[in-house]
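Notes follow once the structure below has been shown.
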Amino acid sequence: MSLPNLPGMYQSGGEFAESRYNVGMKPFPQDQLLQIWAMASVLGLIPAVIAYRKGRSFGLWWIYGSMLFIVALFHSLLIKPKAQPPPLVQENIEPAEPVLPEGTKRCEHCGQLIDALSIRCPVCKGEQTA
Ligand SMILES: [Zn+2]
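So the sequence shown is numbered by the working numbering: it starts at -2 and just counts up by one.
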């Protein structure tokens, strides 16, 4: 019984031969990295979908989940759904008294904006007591 001829293994006297993806100098597990990356991308989809359903950015959470799967997963579960913005409440607040320009006042009789030093309103000729 002989071992099947596995390509890339147990050749040249037991030394680990060059793998198919090994282009040169030193062996580098590129296919392993690819597998990890692919796995992370798939796992990252889970928090991405959860976050997306809560109104968050799918793409950002995918990246987040790919890099920090466990953290992103719990984070996505803990975040609260984005509430719809509340309808603008029409508050009937009395408009605040506008600030009068410096050196002016309102006429005691007609309310016209007049010079603060005027003793008589130029509009209604009313006398200013203050
Ligand atoms: Zn006046």
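Quick reminder that beta carbons are idealized off the backbone N, C-alpha and C, glycines included.
Is the CB-CB distance between residue i and residue j below 7 Å?
i, j, result
"residue 34", "residue 45", "no"
"residue 78", "residue 52", "yes"
Starting from the C-beta of residue i, find all residues in its chain whose C-beta is less than 6 Å away, skip the five residues before and the five after it, and write them out in chain order.
i, result
"residue 102", "113"
Roughly how many angstroms separate the alpha carbons of residue i and residue j, rounded to a whole number?
i, j, result
"residue 42", "residue 62", "7 Å"
"residue 130", "residue 110", "Residue numbering for the chain in the displayed model covers -2 to 127; residue 130 lies beyond these limits and cannot be assessed."
"residue 116", "residue 126", "7 Å"
"residue 76", "residue 40", "18 Å"
"residue 10", "residue 74", "The predicted model places residue 10 with a pLDDT of 48, which falls under 50 and marks its position as unreliable; any figure quoted below should be read in that light. C-alpha separation (whole angstroms): 53 Å."
Apart from the five residues just before and just after residue i, which ones in its own chain have a Cβ nearer than 8 Å to its Cβ?
i, result
"residue 55", "45, 46, 48, 49"
"residue 64", "37, 41"
Quick one: what's got a C-beta closer than 7 Å to residue i's C-beta in the same chain, skipping five residues either side?
i, result
"residue 106", "118, 121, 123"
Does the pairing of the stretch 93 to 100 with the stretch 58 to 74 give three or more beta-carbon distances under 8 Å?
-> no
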